[in-house]
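Under this note's numbering, the letters of the sequence shown match residues 323 to 694, in that order. The beta-carbon is built from N, C-alpha and C at its ideal position, and this holds for glycine as well.
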Amino acid sequence: MSSPIVTCWRKLSGEKNWEGLLQPLDPNLRSYIIHYAQMTRAVGDLFNGNTGEPEASKQDFFSKACIVKGNPYKYDVTHFLYAGSDIVDSSWFGYVAVATDEGKHALGRRDIVVSLRGTSGTREWLNDFNFIIQRSASDIFPTAREHDATMHTGFHDLYTGTRPDSTHTKTSVREQVLNAVKELVNRYKDEEISITVTGFSLGAALATLTAMDIVANGYNKPTTGNLDKSVMVTAFTYGGPRVGNAGLARVFDALTHHLHLLRIKNERDFIPTLPPGLFSYTDFGIKLNVDTYHSKYLKWKGPTHNMDVYAHGVAIKDIGKNTPVDKLDYDIALVNKHLDRVKNEYKIPPNWWVGENRKKMIQLENGRWIVV
């Protein structure tokens, strides 16, 4: 039996800005958002903060991230993405992937995914707080000047910056991702295509800029063949900070014929409230609120700014109050990968993704994890 995504993926990707799907949260949309949450959390799970590199090759990336078993939505990683700036050392920030033929059958189209990780390390945190003076967005967006669009200086510099002394960032992450998307759109120009951009925290900010950039500068269109074809671009962002002023929001609004953004915000997570409106920052896109503070499956009230906690928040939104833990769309065991949040009654070891506790966990063929 085919997935419901096959026939309604445009609706789930926001073609009508998720009208009628958010309150209450549509079950198919819940699963869809969690699918892209899985694609996003893979970046954080496989990032080695000591080396600045991924702990997997392109070929085994998704199997190392443990999102292959029980998952009909198959992708191949085609490009790794690196970022760096004058402040931030060059390191791996994410990937570009494309649905395989099997994945295309399950998804209803050839999906191109760009996924970007959150903040890691002191220099990246310092860069995140480089927001008091905003920078013109005119070097990225052609209409920025007419809208007086300005943006977060740290995000701008990381997105457009280079490190000539680095192997990977002689070109900016912006150039890397745009060239990758251009290559894939041209490769699959005769098929039905979508472009989906995802990110958590800092990665959510970069995902917002990336999705806007792709549409604003025509990278969602093939450069040969049917030049009138435009590919729909959707961003799913999790725990993302604000990226720019009201002028940049107007630039965003002018792109929404082909661009859609759903930003997921966890209650009591302060990161999406930064930078504050006092500094002329504003929100873009459609917001979906989730609330893990009152989750009956978690044993204490924080932290809220964590990718697995966000996915759990989506999984419990608008479900029945007596839903068994094994019926949640996001496996409860995953919340304890890097935390100690799951109630003791579920017997999930804490911080099990690395170290001795990893030996206690086995992934079943259906994708769920059990303790041995």
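- Cβ neighbours of isoleucine 356 within its own chain (closer than 8 Å, five residues either side excluded): Ala633, Val636, Ala637, Asp651 and Tyr652.
- If you draw a straight line from the Cα of glutamate 687 to the Cα of valine 693, it is about 14 Å long.
- Checking the DSSP bridge columns, you'll see tyrosine 404 partnered with Trp414.
- Secondary structure of alanine 568 (DSSP, three-state): helix.
- Measuring C-alpha to C-alpha distances from histidine 627 to each of Cys330, Asn452, Asp433 and Leu661 identifies Leu661 as the nearest.
- Considering only Ile670, Ser407, Gly430 and Val365, the residue with the shortest C-alpha distance to lysine 396 is Gly430.
- Note that the C-beta distance between alanine 419 and phenylalanine 477 is not below 9 Å.
- Asparagine 370 sits in a strand when the DSSP states are folded into three classes.
- Looking at the DSSP output, isoleucine 692 shares a beta bridge with Ile684.
- Straight-line measurement puts the Cα of lysine 551 at about 35 Å from the Cα of lysine 391.
- Isoleucine 536 sits close to valine 503, with the two beta carbons spaced by under 9 Å.
- Taking C-beta separations shorter than 6 Å and ignoring five residues to either side along the sequence, the partners of alanine 655 in its chain run Ile670 and Trp691, following chain order.
- Straight through space, the alpha carbons of valine 410 and proline 394 are spaced by roughly 37 Å.
- Counting only the Cα atoms, aspartate 423 lies some 21 Å from alanine 364.
- Counting only runs that start and end inside the segment 599–684, the alpha helix (DSSP H) elements of at least 4 residues fall at 629–638.
- The Cβ atoms of leucine 438 and valine 519 lie closer than 9 Å to each other.
- Membership of arginine 439 in any beta strand (DSSP E) is not indicated, and neither H nor E is assigned to it by DSSP.
- Here the C-alpha atom of leucine 596 lies approximately 16 Å from the C-alpha atom of alanine 571.
- About 6 Å separates the beta carbon of lysine 659 from that of aspartate 630, a gap short enough to meet the 8 Å contact definition.
- Comparing alpha-carbon positions, the option among Leu620, Ser412, Ile593 and Thr362 lying closest to serine 488 turns out to be Ser412.
- Judged by their CB atoms, alanine 557 and histidine 580 are not nearer to each other than the 9 Å cut-off.
- For threonine 520, the enclosing beta strand (DSSP E) begins and ends at 515–522.
- The beta carbons of lysine 386 and glutamate 377 sit about 7 Å from each other, so the pair counts as a contact at 8 Å.
- Counting every other CB atom within 10 Å of its CB across the protein chains shown gives isoleucine 454 a total below 16, marking it as exposed.
- Within the same chain, Cβ atoms closer than 6 Å to the Cβ of alanine 428 are found at Ser325, Pro394 and Tyr395, the five residues on either side in sequence being excluded.
- In the three-state scheme derived from DSSP, where H, G and I count as helix and E and B as strand, leucine 334 is classed as helix.
- Beta bridge pairing from DSSP links tyrosine 397 with Ala421.
- Glutamate 468 carries a coil assignment under DSSP once its states are collapsed to helix, strand and coil.
- Going by DSSP, serine 385 is part of the alpha helix (DSSP H) stretching over 383–386.
- Judged by beta-carbon spacing, valine 399 lies within the 9 Å limit of phenylalanine 384, meaning their Cβ atoms are closer than that value.
- Taking the C-beta atoms as reference points, threonine 441 is found no nearer than 9 Å to serine 602.
- DSSP places glutamine 498 in the uninterrupted alpha helix (DSSP H) bounded by 495–509.
- Straight-line spacing of the CA atoms in asparagine 339 and lysine 333 works out to 8 Å.
- Apart from the 5 residues on each side of it in sequence, alanine 359 sits with its Cβ closer than 6 Å to the Cβ of Ala633 in its chain, given in chain order.
- In this structure, proline 594 places its C-beta atom within 9 Å of the C-beta atom of arginine 585.
- Sequence-distant partners of threonine 530 (beyond 5 residues in either direction) whose C-beta falls short of 7 Å from its own C-beta, in its chain, are Ala557, Thr559, Gly562, Val565, Leu583 and Phe606.
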